[in-house]
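>
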Amino acid sequence: MVFTSFNFLIFFPILVIVYYLAPVKFRWHVLLIFSYFFYINVKPVFSLLLAGVTLSTYLFTRLMDNTKIESRKKVFLIMNIVLILLPLFFFKYFGQINKSIISLLESVHLRWWLPEIKLILPIGISFYTFMAIGYTIDVYREEIESEKNLGILALFVSFFPLILSGPIERAKNMLPQFKSLKKLDYEMVVQGSKWMLWGYFMKLVVADRIGIYVEAIYNNIPFHNGTSLLFASTLYPFQVYADLGGYSLIAIGTAKILGINVIQNFRRPFFATSMSEFWRRWHISLISWLTDYIYTPLSFVLRKYGIWGIVIALLITFMISGIWHGAALTFIVWGLMQGLFLSIEALLKNRRILIEKKYNLNNKILYILLGICLTFVLFASSQIFGRAKNLNEAFLVYKRIFTTSGPLFIGNPSAFIFSIFSLSLLLIKDFTDEFIPSGFLLFENKHKFIRIIAYSSIIILILLIGVFDGGQFIYFQF
Amino acid sequence: MERTELVSKLTAVFRKVFKNNSLNLTNELTANDVDNWDSLSHMLLITEIENTFSIKFKLKDLNKMRKVGDMIDIIMSKL
Amino acid sequence: MTGDSLFIFSFSIMLIKKIILNLIIVTVVVLVLDFTIGRTLRHFYFKETSGFHFRTTHSMEKTEADILVFGSSRANHHYIPEIFEDSLKMTFYNTGRDGNGIFFQTAVLRSALKRYTPKLIIIDYYGEFAKNEEAYDGLQSLLPYYRTHEEIRKFITLKSSFERIKLISEIYPFNSQILSIAIGNLEVNKKRYDDNKGYVPLNTVWQSKIDTISNYQIYPVDSGKIIALREFLDLAKKSEIRVLVIYSPIFQKFEKKQEIEICRDICSIENVPFWDYSKDTLFINHNNIFRDVQHLNNNGAKIFSNLIVNRIKNDLLNAPLNRRVEQKH
Numbered sequence: 006m007v008f009t010s011f012n013f014l015i016f017f018p019i020l021v022i023v024y025y026l027a028p029v030k031f032r033w034h035v036l037l038i039f040s041y042f043f044y045i046n047v048k049p050v051f052s053l054l055l056a057g058v059t060l061s062t063y064l065f066t067r068l069m070d071n072t073k074i075e076s077r078k079k080v081f082l083i084m085n086i087v088l089i090l091l092p093l094f095f096f097k098y099f100g101q102i103n104k105s106i107i108s109l110l111e112s113v114h115l116r117w118w119l120p121e122i123k124l125i126l127p128i129g130i131s132f133y134t135f136m137a138i139g140y141t142i143d144v145y146r147e148e149i150e151s152e153k154n155l156g157i158l159a160l161f162v163s164f165f166p167l168i169l170s171g172p173i174e175r176a177k178n179m180l181p182q183f184k185s186l187k188k189l190d191y192e193m194v195v196q197g198s199k200w201m202l203w204g205y206f207m208k209l210v211v212a213d214r215i216g217i218y219v220e221a222i223y224n225n226i227p228f229h230n231g232t233s234l235l236f237a238s239t240l241y242p243f244q245v246y247a248d249l250g251g252y253s254l255i256a257i258g259t260a261k262i263l264g265i266n267v268i269q270n271f272r273r274p275f276f277a278t279s280m281s282e283f284w285r286r287w288h289i290s291l292i293s294w295l296t297d298y299i300y301t302p303l304s305f306v307l308r309k310y311g312i313w314g315i316v317i318a319l320l321i322t323f324m325i326s327g328i329w330h331g332a333a334l335t336f337i338v339w340g341l342m343q344g345l346f347l348s349i350e351a352l353l354k355n356r357r358i359l360i361e362k363k364y365n366l367n368n369k370i371l372y373i374l375l376g377i378c379l380t381f382v383l384f385a386s387s388q389i390f391g392r393a394k395n396l397n398e399a400f401l402v403y404k405r406i407f408t409t410s411g412p413l414f415i416g417n418p419s420a421f422i423f424s425i426f427s428l429s430l431l432l433i434k435d436f437t438d439e440f441i442p443s444g445f446l447l448f449e450n451k452h453k454f455i456r457i458i459a460y461s462s463i464i465i466l467i468l469l470i471g472v473f474d475g476g477q478f479i480y481f482q483f
Numbered sequence: 406m407e408r409t410e411l412v413s414k415l416t417a418v419f420r421k422v423f424k425n426n427s428l429n430l431t432n433e434l435t436a437n438d439v440d441n442w443d444s445l446s447h448m449l450l451i452t453e454i455e456n457t458f459s460i461k462f463k464l465k466d467l468n469k470m471r472k473v474g475d476m477i478d479i480i481m482s483k484l
Numbered sequence: 011m012t013g014d015s016l017f018i019f020s021f022s023i024m025l026i027k028k029i030i031l032n033l034i035i036v037t038v039v040v041l042v043l044d045f046t047i048g049r050t051l052r053h054f055y056f057k058e059t060s061g062f063h064f065r066t067t068h069s070m071e072k073t074e075a076d077i078l079v080f081g082s083s084r085a086n087h088h089y090i091p092e093i094f095e096d097s098l099k100m101t102f103y104n105t106g107r108d109g110n111g112i113f114f115q116t117a118v119l120r121s122a123l124k125r126y127t128p129k130l131i132i133i134d135y136y137g138e139f140a141k142n143e144e145a146y147d148g149l150q151s152l153l154p155y156y157r158t159h160e161e162i163r164k165f166i167t168l169k170s171s172f173e174r175i176k177l178i179s180e181i182y183p184f185n186s187q188i189l190s191i192a193i194g195n196l197e198v199n200k201k202r203y204d205d206n207k208g209y210v211p212l213n214t215v216w217q218s219k220i221d222t223i224s225n226y227q228i229y230p231v232d233s234g235k236i237i238a239l240r241e242f243l244d245l246a247k248k249s250e251i252r253v254l255v256i257y258s259p260i261f262q263k264f265e266k267k268q269e270i271e272i273c274r275d276i277c278s279i280e281n282v283p284f285w286d287y288s289k290d291t292l293f294i295n296h297n298n299i300f301r302d303v304q305h306l307n308n309n310g311a312k313i314f315s316n317l318i319v320n321r322i323k324n325d326l327l328n329a330p331l332n333r334r335v336e337q338k339h
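Residue numbers (the numbering used here), protein chains in the order written: chain S, 6 to 483; chain C, 406 to 484; chain X, 11 to 339.
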């Protein structure tokens, strides 16, 4: 089941009731059972894989803690990482690698035949795999003791709010919380509910609506002119934000209702004034993971090359980020673009700081606006590769944007208006949160009456213009 | 090296890397408190420290540096 | 229980009461808003006098035409009522609706037959038997009628087993429709009483060369759709109504299509004529009578409607109802 299914709307309240009725010391057991139940409902056979990853991680981390020999610890580290990554590689990349090998060999007239296996990706595998790897590395680095309780570790890997699509959490944050679950906290329940409600709005009303429009254009690229393609490409980043951001908010809200604090995944990313700031506000849990476990070790090893070491580390890190998103070449290009943008920013940083100081640019609204727009344009242009089916299509989009124009494709006028309307609501809320944090509060208003009206209005809005039939969640093939 | 001497040398390094001549170090100072101290400039800082004090950090050391106070302790342990 | 845990327990009870109280307050406010807004939407939905909503309502609740044509956009844009009425001297209504499949069509038939017995029913069957979501999503068009039309409820529950719960909301049946209902109630549209008898002409011309499909694609079949088609045909036959299945022209070249074969077989079993125009050279050699690959434009519809009318006059109306009719192009 997924968060936006009716099943979940029944599952979750039942869970909450059972959870809070249970004695505190059994609450994590309740979570574990419900998490596996949740995952089995998504795909029964893959819960075996989940259990396998958990077991392997448990064994190897315990082994690591029980040996004093450094080299042996390293062996255990590598063995667990390889073991955990195998299924991920197999399910996610086998098909693509197979195809690439075949076409490569065919170009030199050799035949290589492997059966074409149609593989369904176990849902969430990219997420829980990363969480398990992060934990393993933390144990290796002696930042956390290996968890003796297999059940608690199993809960960490399978925790249902996080398993399908993150945020990618750390053992350091989660394990202590699981071991000391608190009694019912009214504020947390209320805050979690608000997050869930707004998350549903973002997903069902904003993301899925925009998605229908963008799909109509991106599924038929040859039939659309540059104007429509430009507009769709401008909308797409907002769709992803509302989609993954909304879904993350539901996840975080769900955990909060259960008394558990999970890291925020998005922080009003479109107000960033540079790409490096953007990546501190967008998919925060993923970037944080990549920084701690890939970028930092890599840039450390390469530090004698100074700024160029950093550039290489950035390119590799974001290429891995691209690959994590998918096996296609388009994702690799996407990743490289991110790495490129950040590298250029890093290289120009000192000069930029000087100019900013000289003309006091950081306090000028126009400069800030310029930064925001430029950052958005860069990100949106890279997202064309994220959305197009293949490189040819992506290049076609670019070509058309620069060479053709024409009337803007509207499609279904109602849907178009709903998209713009709901997106505006989202952006206005983000704007006021960012720049006027104590004003225009609706969910946080001090008058209970206004709060109640606000909650009710959002629910009514979801009923009025939410998308109820299978607006697919982009990050589900992860 | 005495701690105070270390701190003043370290302050010079920070001021050079972050281009801020009024920066002062405290034990509780973290990356959040200093403009332009992010993961991109962190490694440059580390290299500069290694060169100034003629020491070599291990990756494990990096992860233990949560604030400037930790950093000072670790540098001291290597001298 | 110890004193401490008793205190915690009663404290928790207080919090739980507070939470439940707030939930109830929000629920009540939502229900009130949902009721008022939903009822308003319902009122204005049924006040429309043109457009999709009106035509479906008319098909289900008002029409008493002698001849009805059912189907998706291909039905809606291919069969011109005037041509049928002028030639056959019988009243005609086009119930076709864009984006709606066999479940919708069978539901509308049920509602119509509950009220009267037409003389002839044509179903323009595109033959979408594949397992996909669209036919089920299209059932959204039926939601406003759930309340008053018992006979179509089983189709709506095909969408999902939770539809009944969702329909507690007064707004839900009109999800995404608020703007079209508002526009449908503007004076200009109220004045425009739909007298095209359900038919909507398409006016542009298709410029590309004909599509050629070289492989015979076999896909998994949704048996629910086959059952629905057979129910459609059985319903008509049970009321002693002549029924006719037509595959109208399509701007594609192909050898075989799985859905046409299935349709042919079903019609054979059901003893119902199947008129297949998918390869008729009168159409596939001329791109200018098509609006796009799947739809004739108004000119094409004129030609096609006349063709069908003549064939009905010659083949169908002269033959007794239950005689086995040959399948020919």
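In this text, a Cβ means the ideal position worked out from N, Cα and C, and glycines have one as well. Bear in mind that the values here come from a model prediction, so they are computed numbers and not experimental data.
1. Pop quiz: Leu43(X) and Ser461(S) are said to be a contact at Cβ under 8 Å. What is the actual Cβ separation, rounded to whole angstroms?
2. Can you tell me where the beta strand (DSSP E) holding Phe264(X) begins and where it ends?
3. Which bits of chain S does Gln150(X) rub up against, with CB to CB less than 9 Å?
4. Tell me, to the nearest whole angstrom, how far the beta carbon of Leu447(S) is from that of Val211(S); I am working on the premise that it is less than 8 Å.
5. What's the C-alpha gap between Leu234(S) and Ala145(X)?
6. Between the alpha carbons of Met406(C) and Leu450(C), how many angstroms are there, rounded?
7. Report back the beta-carbon spacing between Ser40(S) and Ser163(S) to the nearest angstrom; my notes put them in contact at under 8 Å.
8. Measuring only the C-alpha atoms, how far is Cys273(X) from Lys129(X)?
9. Look at Phe51(S) and Ile173(S) and say whether their C-beta atoms are less than 9 Å apart.
10. Would you decide whether Gln477(S) is buried or exposed? Buried here means 16 or more other CB atoms lie within 10 Å of its CB.
11. Going along chain X in order, which residues have a C-beta closer than 8 Å to the C-beta of Ile265(S)?
12. Answer with yes or no whether the minimum CB distance from Gln482(S) to chain X is below 9 Å.
13. Below 8 Å on the Cβ atoms is my contact criterion, and I expect Trp200(S) with Leu254(S) to pass it. Report the Cβ-Cβ distance as a whole number of Å.
14. When the distance is taken between beta carbons, is Gln268(X) closer than 9 Å to Arg84(X)?
15. Taking three-plus beta-carbon pairs below 8 Å as touching, is the stretch 256 to 264 of chain X in contact with the stretch 284 to 292 of chain X?
16. I need the boundaries of the alpha helix (DSSP H) containing Tyr257(X), first residue and last residue.
17. Where does Trp285(X) sit, in a helix, a strand or coil, going by DSSP?
18. Rounded to whole angstroms, what's the CA-CA distance from Val47(S) to Lys207(X)? Just pull it up for me.
19. Note down, in chain order, every chain X residue with its Cβ under 7 Å from the Cβ of Leu469(S).
20. Can you grab the Cα-Cα spacing for the pair Pro152(X) / Ile166(X), in whole Å?
21. Please report whether the beta-carbon of Val194(S) lies at a distance below 9 Å from any beta-carbon of chain X.
22. Is there a Cβ from chain X that is less than 9 Å from the Cβ of Ser419(S)?
23. Using the C-alpha atoms, what's the distance from Thr134(S) back to Ala159(S)?
24. Run through the DSSP bridge pairs and tell me what Leu432(S) is partnered with.
25. Let me check understanding here. Comparing Cα to Cα, which of Asp147(X), Glu95(X), His53(X), Met24(X) lies closest to Ile318(X)?
26. Could you give the C-beta distance for Asn297(X) and Phe261(X), rounded to a whole number, given that I count them as a contact under 8 Å?
27. Going by the CB atoms, is the gap between Phe113(X) and Gly234(X) shorter than 9 Å?
28. Counting C-beta neighbours from all protein chains within 10 Å, is the total for Asp248(S) 16 or more, i.e. buried, or is it exposed?
29. From the DSSP output, read off the bridge partner residues of Ala140(X).
30. Leaving out the 5 sequence neighbours to the left and right, which residues in its chain are closer than 7 Å to Ile222(S) when beta-carbon positions are compared?
31. Can you name the residues of chain S whose CB is closer than 8 Å to the CB of Thr452(C)?
32. Phe478(S) CB to nearest chain X CB: under 9 Å?
33. Which class does Arg333(X) belong to by DSSP, given the choice of helix, strand or coil?
34. In whole angstroms, what separates the C-alpha of Asp204(X) from that of Asp134(X)?
35. What residue range does the beta strand (DSSP E) around Asn46(S) cover?
36. Helix or strand or just coil, what does DSSP make of Arg273(S)?
Considering the structure as presented:
1. 6 Å
2. 262 to 264
3. Phe473, Asp474
4. Contact doesn't hold; Cβ gap of about 16 Å is too wide.
5. 29 Å
6. 20 Å
7. 4 Å
8. 23 Å
9. no
10. Residue placement at Gln477(S) is flagged as unreliable, the pLDDT there being 40, under the threshold of 50; a coordinate-derived value is accordingly withheld.
11. By Cβ distance, chain X contributes nothing, its closest Cβ being about 17 Å from Ile265(S), past 8 Å.
12. Because the pLDDT at Gln482(S) is just 44, under 50, the model does not fix this residue reliably, and the point stays unresolved.
13. 5 Å
14. no
15. yes
16. Tyr257(X) -> not in any alpha helix (DSSP H); beta strand (DSSP E) instead, spanning 252 to 257.
17. strand
18. 47 Å
19. Ile181, Asn185, Ile188
20. According to the sequence displayed, residue 152(X) carries Leu and not Pro. Whole-angstrom Cα-Cα distance: 7 Å.
21. yes
22. yes
23. 12 Å
24. DSSP, once it has assigned bridges, lists no residue as partnering Leu432(S).
25. Glu95(X)
26. 6 Å
27. yes
28. buried
29. Val231(X)
30. His229, Ser233, Leu234, Ala237, Phe414
31. Arg308, Lys309, Gly311
32. Residue placement at Phe478(S) is flagged as unreliable, the pLDDT there being 44, under the threshold of 50; the coordinate-derived value follows with that caveat. Judged by the 9 Å Cβ criterion, Phe478(S) is not in contact with chain X.
33. With a pLDDT of only 41 at Arg333(X), under 50, the local geometry of the prediction cannot be trusted, and no value is derived from it.
34. 22 Å
35. Unbroken run through Asn46(S) is the alpha helix (DSSP H), 32 to 47; no beta strand (DSSP E).
36. coil
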